[in-house]
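For reference, the structure is listed below as structure tokens.
Okay, structure coming up:
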């Protein structure tokens with residue numbers, strides 16, 4: 087069941103249908119039966135009203151401008167109870183967190199002024215990089231204006247009355263399943279990937295599964311009325327996810343506190359080219375904290391003529407690099423000026439304050 091299919095415009099007709107059905111049957115039932123029917127109708131009405139109280143994820147069809155007062159609206163991927171919602175709240179306290187069905191919907195929502203910011207995961211200490219968001223950073227014209235680190239504590243959830251031994255399948259986001267690999271292997275359960283952790287919890291609750299569990303947060307258990315069978319099931323207690331804060335405009339970098347700068351570039355094929363690129367930072371004592379390579383989608387293969395081996399085909403890569411320095415620092419400006427001399431492409435994704443804390 088997808089909660090986005092429940093529309094507020096249908097709530098009135100649902101209530102009316104419940105009431106009409108109750109009226110038709112009341113004449114043929116005794117007083118006790120009538121009271122029971124009315125109680126059931128009221129309970130159904132309460133369930134529909136409760137489902138409307140949760141924000142519905144934006145889909146690609148919902149991306150049209152709308153005014154919403156002065157509160158900062160922050161997009162995240164998933165449904166209420168997702169870790170990304172917690173990260174959005176940490177990055178922007180008291181914001182209005184806006185759920186989105188997919189990562190690209192969140193990017194589009196910022197670009198089209200539906201929301202003010204987006205907070206999206208980029209890497210996890212156990213599961214590694216979220217490659218989809220690296221690709222989307224290049225495809226869209228948003229700027230990284232901050233980062234936030236969140237400690238991830240996974241729980242094994244199921245409907246009340248279900249025990250661990252009853253489980254044959256566990257649902258969650260692929261990253262969450264990877265982060266709990268050891269625990270799930272010991273339980274001997276099949277793993278099934280879904281779009282997000284809270285969505286897995288929602289699916290288990292909505293279908294009242296008796297043999298299916300979910301890996302999600304404690305908050306998701308509370309929201310969807312699930313029982314926590316086991317807490318902290320991640321393979322490592324130091325399970326940290328790094329989220330990026332994205333905006334339409336860059337912030338003005340400073341030197342008054344630690345800053346990080348994220349860039350993406352490409353190089354010509356040849357011996358030592360990557361070494362040469364990284365050397366522009368090393369010779370200026372600039373520390374690199376991250377390097378990620380991704381094949382170029384528009385030109386995935388490159389042909390190079392080699393005198394000894396003839397024509398060779400290579401993957402054409404983009405390199406994403408994070409380094410510990412502000413773009414307000416002349417040292418950083420000189421490093422990028424040097425890199426630009428031989429890079430075939432260079433773009434600064436953002437220069438922003440470093441987050442060294444966790445939640």
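Residue numbers (the numbering used here): 87 to 445. Note that CB positions come from ideal geometry on N, CA and C, so glycine has one too.
Cβ shell of residue i (< 8 angstroms), same chain only, five flanking positions each side left out
{"i": "residue 254", "result": "275, 276, 297, 298"}
{"i": "residue 372", "result": "409, 410, 411, 417, 418, 421"}
{"i": "residue 157", "result": "180, 181, 182"}
N-terminal and C-terminal residue of the beta strand (DSSP E) that residue i is part of
{"i": "residue 331", "result": "326-333"}
{"i": "residue 314", "result": "313-317"}
{"i": "residue 278", "result": "276-279"}
{"i": "residue 409", "result": "403-409"}
{"i": "residue 248", "result": "Note, residue 248: premise wrong, no beta strand (DSSP E); not H, not E."}
{"i": "residue 374", "result": "374-381"}
{"i": "residue 187", "result": "First-last for residue 187: undefined, no H or E at that position."}
{"i": "residue 432", "result": "431-439"}
{"i": "residue 226", "result": "That residue, residue 226, is in no beta strand (DSSP E); it is neither H nor E in DSSP."}
{"i": "residue 198", "result": "Counting along the chain, residue 198 falls outside any beta strand (DSSP E), and DSSP gives it neither H nor E."}
{"i": "residue 320", "result": "No beta strand (DSSP E) holds residue 320; DSSP gives it neither H nor E."}
{"i": "residue 165", "result": "Careful: residue 165 lies outside any beta strand (DSSP E) and carries neither H nor E."}
Unbroken alpha helix (DSSP H) run spanning residue i, endpoints
{"i": "residue 169", "result": "169-177"}
{"i": "residue 424", "result": "416-426"}
{"i": "residue 210", "result": "Where residue 210 is concerned, there is no enclosing alpha helix (DSSP H), although the beta strand (DSSP E) it sits in stretches over 203-210."}
Burial state of residue i, where buried means 16 or more other Cβ atoms lie within 10 Å
{"i": "residue 361", "result": "exposed"}
{"i": "residue 209", "result": "buried"}
{"i": "residue 213", "result": "buried"}
{"i": "residue 379", "result": "exposed"}
{"i": "residue 331", "result": "buried"}
{"i": "residue 347", "result": "buried"}
{"i": "residue 171", "result": "buried"}
{"i": "residue 194", "result": "buried"}
{"i": "residue 358", "result": "exposed"}
{"i": "residue 442", "result": "exposed"}
{"i": "residue 203", "result": "buried"}
{"i": "residue 436", "result": "buried"}
{"i": "residue 225", "result": "exposed"}
{"i": "residue 377", "result": "exposed"}
{"i": "residue 402", "result": "buried"}
{"i": "residue 230", "result": "buried"}
{"i": "residue 271", "result": "exposed"}
{"i": "residue 427", "result": "exposed"}
{"i": "residue 327", "result": "buried"}
{"i": "residue 250", "result": "exposed"}
{"i": "residue 438", "result": "buried"}
{"i": "residue 292", "result": "exposed"}
{"i": "residue 374", "result": "exposed"}
Straight-line Cα distance separating residue j from residue i
{"i": "residue 317", "j": "residue 301", "result": "10 angstroms"}
{"i": "residue 344", "j": "residue 295", "result": "48 angstroms"}
{"i": "residue 186", "j": "residue 325", "result": "24 angstroms"}
{"i": "residue 216", "j": "residue 207", "result": "7 angstroms"}
{"i": "residue 290", "j": "residue 244", "result": "7 angstroms"}
{"i": "residue 165", "j": "residue 285", "result": "6 angstroms"}
{"i": "residue 178", "j": "residue 356", "result": "44 angstroms"}
{"i": "residue 322", "j": "residue 163", "result": "24 angstroms"}
{"i": "residue 282", "j": "residue 413", "result": "35 angstroms"}
{"i": "residue 337", "j": "residue 232", "result": "9 angstroms"}
{"i": "residue 335", "j": "residue 228", "result": "7 angstroms"}
{"i": "residue 369", "j": "residue 306", "result": "48 angstroms"}
{"i": "residue 260", "j": "residue 340", "result": "37 angstroms"}
{"i": "residue 223", "j": "residue 161", "result": "15 angstroms"}
{"i": "residue 309", "j": "residue 303", "result": "10 angstroms"}
{"i": "residue 280", "j": "residue 167", "result": "15 angstroms"}
{"i": "residue 440", "j": "residue 169", "result": "20 angstroms"}
{"i": "residue 320", "j": "residue 220", "result": "24 angstroms"}
Cutoff 7 angstroms; reference residue i; Cβ partners in own chain excluding five residues on either side
{"i": "residue 430", "result": "352, 353, 354"}
{"i": "residue 425", "result": "351, 363, 366, 432"}
{"i": "residue 262", "result": "240, 283, 301"}
{"i": "residue 211", "result": "324, 325, 326"}
Cβ-based neighbour list, residue i, same chain, cut-off 6 angstroms, excluding 5 preceding and 5 following
{"i": "residue 110", "result": "Note that residue 110 has pLDDT 46, beneath the 50 cutoff, so the model's placement of it is unreliable and the number below is only indicative. Around residue 110: no qualifying Cβ."}
{"i": "residue 218", "result": "189"}
{"i": "residue 159", "result": "182, 184, 201, 202"}
{"i": "residue 405", "result": "351, 379"}
{"i": "residue 315", "result": "242, 244, 250"}
{"i": "residue 174", "result": "160, 162, 183, 205"}
{"i": "residue 434", "result": "349"}
{"i": "residue 264", "result": "213"}
Contact test: residue i Cβ vs the ligand FMN heavy atom, cutoff 7 angstroms
{"i": "residue 220", "result": "The model on display carries no ligand, and the ligand FMN is accordingly not part of it."}
Min CB distance residue i to chain D below 8 angstroms
{"i": "residue 381", "result": "Absence of chain D from the displayed structure is noted, only one protein chain being present."}
Inside the segment 338-372 only - beta strand (DSSP E) runs reaching at least 3 residues: 345-352
Please give me, in chain order, every unbroken run of the alpha helix (DSSP H) with length at least 4 that falls completely inside the segment 251-306. 260-265, 267-273, 283-293
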